[in-house]
Amino acid sequence: MADKLKHSDKELLEKLQIDAKTLKRFKEIRTLTIKEAKMRGKTTGKIRVLGISGSARDENGYAQQKSNSEELLESCLADCKKMGAETDILMLRKFDIKPCRACYSTTNTQCHFYCSCYPKGTKEADDMSNIIYDKVLWADVIIFATPVNNFKMSTMMASFIDRCISLDGSLPPANPLAPKDKELNIKHTKFIELTADNDIPGSGFLRRFSGKTAGIIVTGHEEGASMVISSLFMTLSHFGMLMPPFNNMYAMSSICVPTYTDKSHVTSSCFTDEARILAQNLVIAGKLAKNIKSTDWKNNYSSN
Numbered sequence: 001m002a003d004k005l006k007h008s009d010k011e012l013l014e015k016l017q018i019d020a021k022t023l024k025r026f027k028e029i030r031t032l033t034i035k036e037a038k039m040r041g042k043t044t045g046k047i048r049v050l051g052i053s054g055s056a057r058d059e060n061g062y063a064q065q066k067s068n069s070e071e072l073l074e075s076c077l078a079d080c081k082k083m084g085a086e087t088d089i090l091m092l093r094k095f096d097i098k099p100c101r102a103c104y105s106t107t108n109t110q111c112h113f114y115c116s117c118y119p120k121g122t123k124e125a126d127d128m129s130n131i132i133y134d135k136v137l138w139a140d141v142i143i144f145a146t147p148v149n150n151f152k153m154s155t156m157m158a159s160f161i162d163r164c165i166s167l168d169g170s171l172p173p174a175n176p177l178a179p180k181d182k183e184l185n186i187k188h189t190k191f192i193e194l195t196a197d198n199d200i201p202g203s204g205f206l207r208r209f210s211g212k213t214a215g216i217i218v219t220g221h222e223e224g225a226s227m228v229i230s231s232l233f234m235t236l237s238h239f240g241m242l243m244p245p246f247n248n249m250y251a252m253s254s255i256c257v258p259t260y261t262d263k264s265h266v267t268s269s270c271f272t273d274e275a276r277i278l279a280q281n282l283v284i285a286g287k288l289a290k291n292i293k294s295t296d297w298k299n300n301y302s303s304n
């Protein structure tokens, strides 16, 4: 479908109370985002599976023992690779991920891509902006692995998820030199509300997780796994990720045994078999998703 705006330039200038230069910038962002959406809609090549490990535990660190959730994640990725997938793993503890500054709701749904709090390639940037966002965009399937810490996901996984808001519907800033210009961002959002076309992906807010397949691995000693999975499930679903049947697993020890025996329980064949089944389901779902452009999944482009 041809990209024809619903309103004339004259109408937009009047409705938004902006000048011609600003309108040109809004249109430029729209054009860039439509181009990005077309590029992200391509579905060729092997299934690409990315594992995200949210554990702080490292066998070379104070724990002197490999992370249980990471061990199951590696097992799952190995099975994905056996089925022909390309795989990669990100151990979040090895990266500098600064906290989300929670500016999203103060700038009128204008979190930016790449994150304008830590702009990619600048001295303020961290590894999330410089490395991890691109790794996430690379993947067709993402497996989120975390231990249970105090009945919740790990702090590292939570920080990673928080920073992923920059992938979920965000656009380049209307003014790169003043990305938090609230008045300008409000007008940009109104421009999107007036011009977004649900038949033209990228004409509004772009959901970059849309159509990617999600898998979840959670390990713990006591109750909390169900709460962690539920929290991730809702968040990832609202990111637009696909949730195939049997897309999550949790490996639990028992409160009746000491924690130092957890590894023998949670990495036993009982759970590595579950990881193998998870891998099979995720690769199947990833292959099915390849038959559909990621931009074919519908959401309201005018709302973020």
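So in my numbering, spot 30 of the sequence shown is number 30, and the numbers just go up one at a time. Glycine included, each C-beta is placed from N, C-alpha and C at the ideal position. Computed from a prediction, not measured in an experiment: that's the story for all the values here.
(1) Chain C beta carbons: is any one of them nearer than 9 Å to that of D126?
(2) In terms of alpha-carbon separation, which member of C164, N247, D168 lies closest to C100?
(3) Rounding to the nearest angstrom, what Cα-Cα distance links S116 and I131 in this structure?
(4) Count the other CB atoms, across all protein chains shown, that sit within 10 Å of the CB of A63; report buried if there are 16 or more and exposed otherwise.
(5) Could you tell me the alpha carbon to alpha carbon distance between F151 and D9, rounded to whole angstroms?
(6) Go ahead and pull the three-state DSSP assignment for M241.
(7) With DSSP run on the structure shown, which of helix, strand or coil describes V136?
(8) Take T292 as the anchor and find which of E36, S75, D140, I89 has the nearest alpha-carbon.
(9) Of all the alpha helix (DSSP H) runs that stay within the bounds of the region 2 to 69, which reach a length of 4 or more residues?
(10) Could you check the C-alpha separation between T195 and T22 for me, to the nearest Å?
(11) Can you name, in chain order, every residue of its own chain whose Cβ lies under 6 Å from the Cβ of S129, other than the five neighbours on each side?
(12) Where do the N-terminal and C-terminal ends of the alpha helix (DSSP H) with L184 fall, by residue?
(13) In the DSSP assignment, what are the bridge partners of G215?
(14) Let's see if you can read the secondary structure: which residues bound the alpha helix (DSSP H) around L155?
(15) Mapping DSSP to helix, strand and coil, what is I89?
(16) Can you pull the DSSP bridge partners for M252?
(17) Do F160 and A214 have their beta-carbon atoms positioned less than 9 Å apart in this structure?
(18) According to DSSP, is L232 part of a helix, a strand, or is it coil?
(19) Let me make sure I understand the geometry here. Which of I255, V136, T146, E223 has the alpha-carbon closest to that of S166?
(20) I'd like to know whether the C-beta atoms of R276 and C76 end up nearer to each other than 9 Å.
(21) What first and last residue would you give for the alpha helix (DSSP H) that runs through E274?
(22) Am I right that I142 and L50 are in contact with their C-beta atoms under 8 Å? What's the rounded C-beta distance?
(23) Among F239, P201, A225, which has the Cα closest to the Cα of D162?
(24) Between the region 230 to 245 and the region 77 to 87, do at least 3 Cβ pairs fall closer than 8 Å?
(25) State the start and end residues of the unbroken alpha helix (DSSP H) segment that holds V266.
(26) Going by alpha carbons, who is nearest to T146 out of D168, K123, N248?
So, from the listed chains and residues:
(1) No chain C is present in this structure, which holds just one protein chain.
(2) Of the listed residues, the one whose Cα sits closest to C100 is C164.
(3) In this model, S116 and I131 are separated by some 15 Å (Cα to Cα).
(4) Flag for A63 reads exposed.
(5) Cα to Cα, F151 sits roughly 53 Å from D9.
(6) Look at M241 here: in three-state DSSP terms it is coil, with no helix or strand label.
(7) Here V136 sits in helix by DSSP.
(8) Residue identity differs from the one stated: residue 292 is Ile in this sequence, not Thr. Proximity to I292 across E36, S75, D140, I89 peaks at D140, based on C-alpha coordinates.
(9) For secondary structure counted as the alpha helix (DSSP H) over 4 or more consecutive residues, the region 2 to 69 holds these complete runs in sequence order: 9 to 16, 20 to 40.
(10) T22 has its alpha-carbon roughly 15 Å from the corresponding atom of T195.
(11) Closer than 6 Å at Cβ, skipping near neighbours: Y114, C115, Y118, K120.
(12) Counting along the chain, the alpha helix (DSSP H) containing L184 begins and ends at 182 to 195.
(13) G215 is bridged to I143.
(14) One point to set straight first is that residue 155 is Thr, not Leu, in the sequence displayed. Here the alpha helix (DSSP H) through T155 covers 155 to 163.
(15) The answer is strand: DSSP assigns I89 an E or B state.
(16) M252 pairs with G220.
(17) No, they are not a contact pair.
(18) Reduced to three states, the DSSP call for L232 is helix.
(19) Nearest Cα to S166 within the set I255, V136, T146, E223: V136.
(20) A contact, by the Cβ cut-off of 9 Å.
(21) Here the alpha helix (DSSP H) through E274 covers 269 to 289.
(22) Confirmed, Cβ separation roughly 5 Å.
(23) Cα-wise, what sits closest to D162 is F239.
(24) Segments in contact, no.
(25) Per DSSP, the unbroken alpha helix (DSSP H) holding V266 starts and ends at 262 to 266.
(26) For T146, the closest C-alpha among the options D168, K123, N248 is that of N248.
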